[in-house]
Every structure is written in structure tokens, then in C-alpha cells.
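The structure appears below as C-alpha cells.
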């Protein structure tokens, strides 16, 4: 009998996508390592936006705390997974994000930098 070694695959969202992506979990937005690299380590806050006409989620990153911003990058889990995790429970509830994601049947979306606004990123929720 020949044994075959099991090689543990890379963990987390970083292992799945080679491009900047965001993923939705129950009440969190998880931004992969590629997007984190684009944003940069200096940004510690993000403000969330939603456009209901295009079903787009917007993320505007900030170096300092601003009104309605979420803190990012501080948890051990984020450092271990090399990603950004945003607790968006109230955001999900306000705009029905969970229902939209469930209806589309997809949890991960490309994250694209808005060329007009330097630190604004957009993910369009569609199949």
C-alpha cells in the first residue's frame, strides 16, 4: 500500500481568489488579501454604502475615524487570515444584503477601485 501525503490547502478567502474580492457571510463582509494589499495597511476605517439601483456595495477607506465608519484590521483573526473583516450586521439589516446575496446565489464578488475616488471600492451584486 502506498501512502499519499495530505497537504493542507491555504485557508481563508485568500486561497480562493487571485483578484481583489469581497465575500459575504451571515453578518460580515470579508475582503481578501489582494484587496487588502491594494487598500494598504495605513487605512484603519471604512464607511459602507449601498446603491439599490445597481445593487452595488461601496467601501470608502479612511486613515482616521470619520462619522459612521467601522474600524478594520485590528483582530487576531484578520491578521491570521490576512484579510479585512467588517461586522456589517446593521448594514445588512438596513439594505437587505443577506436577502440579495441569497437571491443571487453567490457570496463572493469582484472588488473594483473607483478611478474617480481614490480610496473608494465597489462590488456589484449580480450573477
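Numbering (this note's numbering), first residue to last: -1 to 125. Positions of the beta carbon are idealized from the N, C-alpha and C atoms, including for glycine. The structure displayed is predicted, hence computed values, not measured ones.
query: Cβ neighbour criterion (16 or more within 10 Å) applied to residue 40; result: exposed
query: Alpha helix (DSSP H) segments (min. 4 residues) lying fully within the region 44 to 124; result: 74 to 79, 87 to 93, 95 to 102
query: Identified DSSP bridge partners for residue 28; result: 21, 83
query: Inter-residue Cα distance where the pair is residue 123 and residue 107; result: 7 Å
query: Residues near residue 26 by beta carbon distance below 7 Å, same chain, minus five either side; result: 83, 84, 85, 86
query: Check whether residue 37 and residue 46 have beta carbons under 8 Å apart; result: no
query: Environment of residue 99 [buried if 16+ CB atoms lie within 10 Å]; result: buried
query: Nearest residue (CA-CA) to residue 63, options 93, 44, 32, 92; result: 44
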